[in-house]
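Right, one structure below, let's go through it.
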Amino acid sequence: MATVEIRNVRKAFGPVQVLHGVNVDIADGEFVVLVGPSGCGKSTLLRMLAGLENITSGEIAIGPRVVNNVPPKDRDIAMVFQNYALYPHMTVFDNMAFSMKLAKAPKEVMEQEVGRAAKILGLEALLQRYPRQLSGGQRQRVAMGRAIVRNPQVFLFDEPLSNLDAKLRVQMRAEIKELHQRLRVTTVYVTHDQIEAMTMADKIVVMNGGHVEQVGPPLELYDRPANLFVAGFIGSPAMNLVKGGPGEGGFQAEGGAVLPLPQSARGEASIYGIRPEHIQLREDGIPATVVLVEPTGSETQVVARIGETPLTCAFRERVTARPGETIRIMPEMGLVHLFESGSGRRLAA
Amino acid sequence: MSATTAPAWTKPQQQANWLVRLFDWKPFLAFACLLPAAGLLLVFLTYPLGLGIWLAFTDTTIGRSGYWVGIENFQYLLEDPLWWNAVFYSVFYTGIATIGKFALGLWLALLLNNHLPFKSLLRAIILLPWIVPTVLSAIAFWWIYDPQFSIISFLLVDKLGILDNYIDFLGSAWPARFSLIAANIWRGIPFVAISLLAGLQTISPSLYEAALLDGSTGWQRFRYITFPMLMPILAIVMTFSIIFTFTDFQLVYAITRGGPVNSTHLLATLAFQRGIPGGQLGEGAAIAVSMIPFLVFATLFSYFGLARRKWQQGEGND
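Protein chains in written order, with UniProt numbering: chain A, 1 to 349; chain B, 1 to 318.
In structure tokens:
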């Protein structure tokens, strides 16, 4: 196991800058998720960590050693690819034993190591099959088994669940997390799915356009997003972000609504953020016209309009209101987020 | 709810006319669809092949329709040293040329699979030897191998001074045999290289990345990833290549015409030699027919030995 330090790393493909000075510190045994929209550079950063892309400038250290010029095979890492990259002409056993075969390990060692990994992942019965004969989830497990066999310092996962169906994804998510808790190997996991990031990570790195937007534990990102991007990216359904400014009796939204402001709020706030789940139904609330009702069973999502300002709300209680009717809603005062409009920075509220 | 119910009404069955019904009848439809292709094959493939085989069992000569002689032609061939010579050279020519074509073609394909400047232009240039009509390139080789004007001799003797005498490429048996093989390799490389390049491009780059992380060297990646994954396409390309090489005619006929002293006759050129200029149509046909077992064997070998691997199949096999 090892720490990973990424210091001021930049990457350019020709004239195109994809990473603009990224800094991330990963502690020993930590599960770090790099999350961001497509094209934000998260996969590139992972591939640089793996040694599959070279580093334009900056430093990457695994443990005490700077690995900028260390070839991938000597970095002591194992990677699970998005498409699994299983060797189609080899059985599951051969796939998992391949690294040892290349290192000319004796057969008993190979059998022992592959057996151990297969046992962890429940693959014992499949060792003689070819990848073609496996389901998506099984292939995913073989790919992880191949990584486990290596006994690496760091596991790298590149969007490993994006080829699975929704149900299997939830299951494999739990399996990967459980595996990490068992093996306690430093893990860097790339995904564009914020739910995966929230549920699995010890620490999330939110990236956007080649910059790191915020680094922190999942709930800190949820509770105190550092800027508008993180606020909008983390959480589902996404946070309501309302433009406007402080006015008489609260926050004067551009659409005409007046929303309650916390006492401590300073004057320059120009974007008002409230998560759908932090809006309550209250008798003394602000009247809002229902536009859309989406019951999901556990909660009911409602889009309602105050004046011209639409707000998405998520209520735990069953809402019987129909579109066109009026409900009374109220943001929870302590959970309001305020941002500057220009920089998008969070205002300490 | 009103109490009235709609009167029972069903859409009347439309009686289709006999033509429509005929085309709806599956056996007829299959027959009708197969007819054009089957017709073409019958006229242009089965008829000449059948005629050739029939001629092989007759003593037909040019200008005289022959009589059925059974396997007499073949018995004669078995005692004919020229036929044995052609069998030997056909196998030798095919074997050496195939090895050469595949070694160089694979190497070229691997090179072209890299990121090179002007990649598409290079690939187009590679195809040239294959696009040029064979007879044209054969004539070029004829010049290259000319005892007096050969550019190779010119370079080696006059320019570099490595040799003292001009090489007599086509004047004696073995140099002529190898010269023809070299020409055939030159002509065959593009087909092999481009086909294998197509095969190489189907191999996912992430496999190489995974192998890189697994600690492989360049040779190990070729040995354990590229080669086995290329095997299916290699087998098919090799089958075709063997068939084309074994039945080659143009190169040999244009450069040596089977000479010197019949040493470079392939079965195809010998068959032509006997059948058309020699007039012995029956015997020529018998020589041509004698190629069939070799070709069937080569095809079966590739088909069963190399083509389909277990890992390519989907279900089953557990």
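All residues carry an ideal CB built from backbone N, CA and C; glycine is no exception.
Residue i Cβ short of 8 Å to the ligand HEM heavy atom set
i	result
Gly105 of chain B	The ligand HEM is not part of this structure, which contains no ligands at all.
Burial state of residue i (16 or more Cβ within 10 Å)
i	result
Leu55 of chain B	buried
Glu196 of chain A	buried
Arg47 of chain A	buried
Ser43 of chain A	buried
Pro106 of chain A	exposed
residue 357 of chain A	Since the first residue shown for chain A is 1 and the last is 349, residue 357 of chain A is missing from the structure and cannot be characterised.
Ala97 of chain B	buried
Pro190 of chain B	buried
Ser135 of chain A	exposed
Phe141 of chain B	buried
His115 of chain B	exposed
Glu178 of chain A	exposed
Trp25 of chain B	exposed
Contact with chain E by residue i, beta-carbon distance below 9 Å
i	result
Ile55 of chain A	In summary, chain E is missing from the structure at hand, where the protein chains are A and B.
Nonlocal neighbours in the same chain, by C-beta distance under 8 Å from residue i, ignoring five residues either side
i	result
Met1 of chain B	With a pLDDT of 46 at Met1 of chain B, under the threshold of 50, the predicted position of this residue should be treated as unreliable, though the coordinate-derived value follows. Same-chain partners within the cutoff: there are none.
Gly316 of chain B	Any reading at Gly316 of chain B needs caution, since the residue's pLDDT is 43, under 50, leaving its predicted position unreliable; the model's value is listed next. Same-chain partners within the cutoff: there are none.
Thr312 of chain A	Pro237, Ala238, Asn240, Pro276, Gln301, Val302 and Val303
Range of the contiguous beta strand (DSSP E) that encloses residue i
i	result
His89 of chain A	It is not in any beta strand (DSSP E) - His89 of chain A carries neither H nor E in the DSSP assignment.
Asp25 of chain A	Val16 to Ile26
Gly247 of chain A	Asn240 to Gly247
Asp158 of chain A	Val154 to Asp158
Asn208 of chain A	Lys203 to Asn208
Test item: CB-CB of residue i and residue j under 9 Å
i	j	result
Val170 of chain A	Val35 of chain A	no
Ile225 of chain B	Leu207 of chain B	yes
Gly273 of chain A	Leu219 of chain A	no
Ala143 of chain A	Val188 of chain A	no
Gly285 of chain A	Ile329 of chain A	yes
Thr300 of chain A	Arg318 of chain A	yes
Met238 of chain B	Phe102 of chain B	yes
Val242 of chain A	Ala231 of chain A	no
Leu45 of chain A	Met200 of chain A	no
Ser302 of chain B	Ile233 of chain B	no
Leu52 of chain A	Ile60 of chain A	no
Leu110 of chain B	Leu200 of chain B	yes
Cβ of residue i within 9 Å of any chain B Cβ
i	result
Ala321 of chain A	no
Pro88 of chain A	yes
Ser43 of chain A	no
Pro72 of chain A	yes
Ala103 of chain A	yes
Met48 of chain A	no
Met79 of chain A	yes
Ala85 of chain A	yes
Ser99 of chain A	yes
Gln82 of chain A	yes
CB contact below 9 Å: residue i versus chain A
i	result
Gln220 of chain B	yes
Gly199 of chain B	no
Thr217 of chain B	yes
Tyr224 of chain B	yes
Ser179 of chain B	no
Pro228 of chain B	yes
Ala235 of chain B	no
Asn317 of chain B	Confidence is the limiting factor: at Asn317 of chain B the pLDDT is only 41, short of 50, which leaves the residue's position unreliable, though a coordinate-based value still follows. Yes, Asn317 of chain B lies at the interface with chain A (some Cβ there is under 9 Å from its Cβ).
Ser206 of chain B	yes
Leu212 of chain B	yes
Own chain, CB closer than 6 Å to residue i, minus 5 neighbours either side, in chain order
i	result
Phe169 of chain B	Tyr145, Pro175 and Ser179
Leu270 of chain B	Ala86 and Ile287
Trp83 of chain B	Leu77
Ile279 of chain A	Cys313, Ile329 and Pro331
Asp318 of chain B	Note on Asp318 of chain B: pLDDT 38, under 50, position unreliable in the model; the coordinate value appears next. For Asp318 of chain B, where only same-chain residues beyond five positions count, there are no Cβ hits under 6 Å.
Val67 of chain A	Ile60 and Arg75
Contact set for residue i: own chain, Cβ-Cβ below 7 Å, skip 5 residues either direction
i	result
Gly314 of chain B	Note that Gly314 of chain B has pLDDT 48, beneath the 50 cutoff, so the model's placement of it is unreliable and the number below is only indicative. Correct list: empty, nothing qualifies.
Gln250 of chain B	Thr134, Val135 and Ala138
Asp25 of chain A	Glu5
Asp59 of chain B	Gly66, Tyr67, Val69 and Gly282
Residue i: first and last residue of the uninterrupted alpha helix (DSSP H) it sits in
i	result
Ser57 of chain A	Segment Ser57 to Ile62 is the beta strand (DSSP E) holding Ser57 of chain A; no alpha helix (DSSP H) there.
Ala304 of chain A	Element bounds for Ala304 of chain A: not the alpha helix (DSSP H) but the beta strand (DSSP E), Thr300 to Ile306.
Cys33 of chain B	Lys26 to Leu41
Asn184 of chain B	Ala173 to Gln201
Ala2 of chain A	No alpha helix (DSSP H) contains Ala2 of chain A, which DSSP labels as neither H nor E.
Ala288 of chain A	Premise fails: Ala288 of chain A lies in the beta strand (DSSP E), Ile279 to Pro295, not in any alpha helix (DSSP H).
Val237 of chain B	Phe227 to Phe246
Glu124 of chain A	Unbroken run through Glu124 of chain A: none, as it is neither H nor E.
Thr299 of chain B	Met291 to Leu300
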